[in-house]
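Note that the working numbering has the sequence shown beginning at 204, numbered continuously upward. All C-beta atoms, glycine included, are put in the ideal place defined by N, C-alpha and C. Quick caveat: nothing in here was measured; it's all calculated off a predicted structure.
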Amino acid sequence: MEQSPTLAELGKALAKAQGEIKGAIKDSQNPYFKSNYADLTSVWEACRKPLSSNGLSVIQASSDSIPETITIETTLLHSSGEWVRGKLAMKPVKSDPQSIGSCITYARRYALAAIVGICPEDDDGNDATGNNLKKFPKEDVPDFKPPEAKKEPPEKKKAQEVPEAIPRDEPGEVEPSEIRRVKSVNAPEGRKSFDIFTTAGEKFWSTGDDNLRGAKYAAQNDIEVRFQFGTKGGVTKIIPVLQKE
């Protein structure tokens, strides 16, 4: 911003003028955003008489000091010779005469409103805060019920059953050939039997809920188990083997 060495008289006159200036009326419509705005004529109508009656005037000129940009220099003068000047630069959307002319008018409107202190009667702050949102009659608003969140059935807590363990004081009490370390259990639904895979790469099969719980318990807790084998090669009983302390 540029100014004269003193601004005392201009300041007094502008204070009086601003006391008389009213908001610019939004009497033009923007078809793209379907909203009203105060055009350059409306801004001038709001300040012309208060300015002139207090010895103030405005000069606006354009320059092309910046390539591909329109710069509007707006000077507010007082009859005492004091002045203040501001610049506003804007870039047209296109380089054709219509776009350049629209850009000049747009910049002049904002520059004039800024240097004089004019706000539209319904300023943009209301639009930004949502105070100007269109209100519809209650009967025009459809009833809306948010979808109910799907409730997952509560997980059933199963009491962990630990099969009876065989304490081992010496290796001879339990046959080493019958001791295994379970790696994983495959128990498909609908089948009475299930497969047991050991860490040694062996595969066995067994049946019964007690054996299934014992095998899973061994796999989850990484403990050795004793397999009791049947005549057909299946595991008839699975017993965790716990080392005595």
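query = Is I369 helix, strand or coil by DSSP?
reply = The predicted model places I369 with a pLDDT of 48, which falls under 50 and marks its position as unreliable; any figure quoted below should be read in that light. Of the three classes helix, strand and coil, the one that applies to I369 here is strand, per DSSP.
message = On a Cα-Cα basis, can you pick out the residue from S409, K225, K219 that is closest to F400?
response = S409
query = Out of curiosity, what's the CA-to-CA distance linking I269 and E351?
reply = 59 Å
inquiry  = Looking at I262: is its Cβ nearer than 8 Å to the Cβ of T278?
reply    = yes
ask   = Going by DSSP, which residues form a beta bridge with D456?
value = This structure does not reach residue 456, given that the chain is present from 204 up to 448, and the question cannot be answered.
task = Quick one: using the 10 Å Cβ neighbour count with 16 as the cut-off for buried, is E285 buried or exposed?
result = buried
query = When DSSP builds the beta bridges, which residues end up paired with Q263?
reply = T277
Limits of the beta strand (DSSP E) - the one that A292 falls within = 286–293
task = Take K406 as the anchor and find which of S256, N414, S387, L213 has the nearest alpha-carbon.
result = S387
ask   = To the nearest angstrom, how far is it from the Cα of A249 to the Cα of V319?
value = 10 Å
key: Rounded straight-line distance, which links the Cα of G404 to that of F397   = 16 Å
Euclidean distance between Cα positions of I369 and K353 = With a pLDDT of only 48 at I369, under the threshold of 50, the placement of this residue in the model should not be trusted; the figure read from the coordinates follows. One C-alpha to the other measures close to 46 Å.
key: For E427, the first and last residue of its enclosing alpha helix (DSSP H)   = Careful: E427 lies outside any alpha helix (DSSP H), inside the beta strand (DSSP E) at 427–432.
task = Pull up the distance between the alpha-carbon of P208 and that of L259, whole angstroms please.
result = 17 Å
request  = Would you tell me roughly how many angstroms separate the C-alpha atoms of R394 and D412, rounded to the nearest one?
outcome  = 12 Å
request  = Using a threshold of 8 Å, state whether the C-beta atoms of V287 and L210 are closer than that.
outcome  = yes
task = Excluding the 5 residues preceding and the 5 following K338 in the sequence, name in chain order all residues of the same chain whose CB lies nearer than 7 Å to its CB.
result = Low per-residue confidence applies at K338: pLDDT is 49, beneath 50, and the placement is therefore not dependable enough to give any value.
task = Rank T274, A390, E223, E358 by C-alpha distance to the C-alpha of S305 and give the top, closest one.
result = T274
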